[in-house]
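Protein chains in written order, with the working numbering: chain R, 1 to 478; chain L, 1001 to 1212. For reference, the structure discussed in these notes is given below.
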Amino acid sequence: MSRTFVGWPAFPEAAVAATSDEQLRANVTRATGTIRAKRARLVAERPDWEDLRDSAAALKNDVLAHLDSYLLQVEQKVTAAGGAVHWARDAAEANRIVTDLVRATGEREIVKVKSMLTEEIGLDNALEEVGISARETDLAAAIVQLGDDLPSHVVVPALHRNRAEIRDIFVREMGRHGRPAPEGLTDDPPQLAEAARLHMREKFLKAKVAVSGANFLVAETGTAVVVESEGNGRMCLTLADTLISLVGIEKIVPRWQDLEVFLQLLARNATGERMAPYTTTWTGVIPGDGPQTFHLVLVDNGRTRALADEVGRQALRCIRCGACMNICPVYERTGGQAYGSVYPGPIGAILNPLLKGPDDPQTASLPYASSLCGACNDVCPVRIRFTDVLLELRHQVAEGDAKVKHPAEKAALRAVGAVMDHPAAWNAAVRAAGKAGPLVPKNRLPGPLGGWTDSRRTPDIPKESFRAWWKRTEGGSR
Amino acid sequence: MTSARDEILARIRAATADLPADPVEIPRSYLPHAPGIELHDREAVLALFAERLEEYGATVHRAGTADLASALAAALPAGRVVVPEGFPAAWLREWTGEAVPDHPPLPHAELDSLDAVLTTCAAGVADSGTLVLDAGPGQGRRAATLLPDLHVCVVRATQVVSSIPEVMARLDPRRPLTWISGPSATADIEMIRVPGVHGPRRLTVLLVADSS
């Protein structure tokens, strides 16, 4: 069974472990630094970059405002083109649909194109429970899967690993899942890529069933779009007999023409390339070319919850380019796994609480995993205002009906509530506070309150309460 | 019992009840053409197309219609090459290798064992260095351009547009489209670009002038 983020510690705790791992920090810093520089160069090449962002944000706003009719349009077009459309309310339902579809084919080993959504719903484990092995074919996703590791980035899931670590994983694990790593494999990146090519080719040629996600789904035509670099996507999307694509309901773009906006933004912002080497688009089943059975599974899994949040719904414009994590000073120091989710970095800090609700300590800690510097706002191709959403979610955690508050804050509020209910106790407490005032340390409060004074000075507590002053001076007249 | 479909649609309607029913106005002030290229400067478009493809590790040769056959003979390996239906036979007259038809469809293992695939394309995009294949005549099915290690593609100059916005209207979304921008590559290991992972490791483009 693959590892999952279930039971992961809250961000502050996970971040302590991550920031003290020097190898990890070095790997993450090198990777994010490289992508940032490439992206900056390629974005500077477009005099119309800000115009493209305006169009992309508006297009996604249109999709979200009319999501019901766009989804019905997709359903109709895909069905008319020979595909089957399924709807899944949550992860369990999506996993059940896919498991049933794969079982019906009788296949026990299937291939996968990297998909954040299938990671989000834990599809690999659900399939494994019924005896189906789902093999990741993207190099980075395969490194994570072979290493029984967890992803740390949405575009480059193994960015926290260096070449020596990858070589060790290949040598140790490849043989257990098919063709072993070549004898004498070194940590030279071309050699490692070649080892992956040989290992995967064997699987592509015999796979009858493939599972993918999609980057975009065109409402007007029912066309699905997958953008990738290595060709593993093309292998899965064209060599299998049955293709099952799981797509989050927010992945829609209205018209065929609108792809021109997103195709110009995605690779440039994600990896600093003008286009990723391969983009595949297909509409339903194409007789004589590619899979002759196509299933599209439309997945909610919290997206409608996020959609109902007036400030937070803009997070659903996300096209998963990963630029927000590449630019984030917090991500750069902790890497992605500290966020305890397949969506790390700034988008993870807002998307997870929006999808799941901030009701457990791990999810509720995420809106605080930010310095609010706003660099993510500047690089987002669909103009998500991360800082607005982060502040709104902090507000919801602190003031709203989220079941989780800071434990010390919760205990304090409970104690204050009890005292305020009893006037005599309240007056006594206020008098005691005046007397205790000089004894309260100015620079660091003890115990769980200490965090508050890390960056603040404790205010002076007045010797006399307002009530006492009012009484003594007869309302200030004496 | 409510179906998942009805329930999701109902959740969406409830979640978006506060939003106006009118369509959102979409600004479209981005460039319709490649930055820095004059609209009618065909030579600049073709030069940019070649430059961008080469930047990503593709090999680009330019030929006239008259010397296309010899250029192809030079670009193709001597061995067995899959040539889809509809590829002009006259272009192959100087090449001495074996043209393998994909009709009936070759098994995947057979495609995998061939030395190259030779196709035409549906369009080219200069700004992004992209070829678009749509399974039309001379292009074949998608598997055929994927398994052999070398892809040789003939692009007519009239097929090349400057930008992605220009190419959209030329393409039919009902067809299976493969957009190819340089050969297969990965940057998953320490962000170092390594050419050739699962798709063809080598991409050769023959750009054919329209004149004569």
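C-beta: ideal position from N, C-alpha, C; glycine also. From a predicted model like this one, the values you see are computed outputs, not experimental measurements.
- DSSP places R/Tyr339 in no beta strand (DSSP E); its state is neither H nor E.
- Secondary-structure assignment with DSSP links L/Tyr1056 through no beta bridge to anything.
- Ranking L/Asp1018, L/Ala1010, L/Pro1200 by CA distance to the CA of L/Val1117 puts L/Pro1200 first.
- Per DSSP, the continuous beta strand (DSSP E) segment holding R/Gly248 begins and ends at 242-248.
- For L/Thr1096, the three-state secondary structure derived from DSSP is coil.
- In this structure, DSSP gives L/Cys1153 an extended state, which the three-state scheme calls strand.
- Between the alpha carbons of L/Val1160 and L/Pro1084 lies a gap of roughly 21 Å.
- Pairing R/Thr473 with R/Ser465, the inter-Cα distance amounts to about 12 Å.
- By a beta-carbon distance limit of 8 Å, R/Val63 contacts R/Tyr70. Their separation comes to about 6 Å.
- Here L/Ala1015 really is in contact with R/Ala308; their C-beta atoms are around 4 Å apart, less than 8 Å.
- For the stretch 1011-1094 of chain L, the continuous alpha helix (DSSP H) assignments of 4+ residues that do not extend past its boundaries occur at 1042-1055, 1068-1075, in sequence order.
- When C-beta atoms of the stretch 1053-1063 of chain L are compared with those of the stretch 1162-1177 of chain L, fewer than three pairs fall below 8 Å, so the two segments do not count as touching.
- DSSP places R/Phe5 outside both helix and strand once states are collapsed to three, so it counts as coil.
- C-alpha of R/Pro329 to C-alpha of L/Thr1204: approximately 42 Å in a straight line.
- With 16 or more other Cβ atoms inside 10 Å of its own Cβ, R/Gly233 counts as buried.
- Interface criterion met: the Cβ of R/Arg197 is under 8 Å from a Cβ in chain L.
- Between R/Thr279 and L/Trp1179 the beta-carbon gap is near 4 Å, inside 8 Å, which marks them as a contact.
- Around the C-beta of R/His295, 16 or more other C-beta atoms lie within 10 Å, and the residue is accordingly described as buried.
- Out of R/Glu310, R/Ile347, R/Arg313, the CA that lies nearest to the CA of R/Asn326 is found in R/Ile347.
- If you ignore the 5 residues before and after R/Val419, its C-beta comes within less than 7 Å of the C-beta of Ala425, Trp426, Ala429, all in its own chain and listed in chain order.
- In the assembly as shown, R/Asn443 is an exposed residue. Its beta-carbon has fewer than 16 other beta-carbons within 10 Å.
- With fewer than 16 other Cβ atoms from the protein chains shown falling within 10 Å of its own Cβ, R/Lys435 counts as exposed.
- Counting the other CB atoms within 10 Å of its CB gives R/Gln23 a total below 16, which places it among the exposed residues.
- Membership of R/His295 in the beta strand (DSSP E) is indicated by the continuous run 293-299.
- From the beta-carbon of R/Gly288, the residues of chain L found nearer than 8 Å are Pro1105, Arg1141.
- According to the DSSP assignment, R/Tyr278 belongs to no alpha helix (DSSP H) but to the beta strand (DSSP E) extending over 278-283.
- Assigned with DSSP and collapsed to three states, R/Leu366 falls in helix.
- Counting C-beta pairs closer than 8 Å gives three or more between the stretch 354-372 of chain R and the stretch 393-402 of chain R, which meets the contact rule.
- Selection R/Pro182, R/Gly222, R/Gly340 evaluated against R/Phe5 yields R/Gly340 as nearest (Cα-Cα).
- Annotation for L/Leu1206: the continuous beta strand (DSSP E) segment containing it runs 1202-1208.
- The contact set of L/Arg1013 on chain R, defined by CB atoms closer than 7 Å, consists of Asp68 in chain order.
- As the crow flies, the alpha-carbon of R/Val247 is around 9 Å from that of R/Ser212.
- Inter-residue distance for R/Leu127 and L/Pro1105 is about 32 Å (C-alpha atoms, whole angstroms).
- The C-alpha of R/Arg431 is placed about 50 Å away from the C-alpha of R/Tyr343.
- With its beta carbon less than 8 Å from one in chain L, R/Asp54 belongs to the interface.
- Three or more Cβ pairs drawn from the stretch 299-318 of chain R and the stretch 351-361 of chain R lie within less than 8 Å of each other, which places the two stretches in contact.
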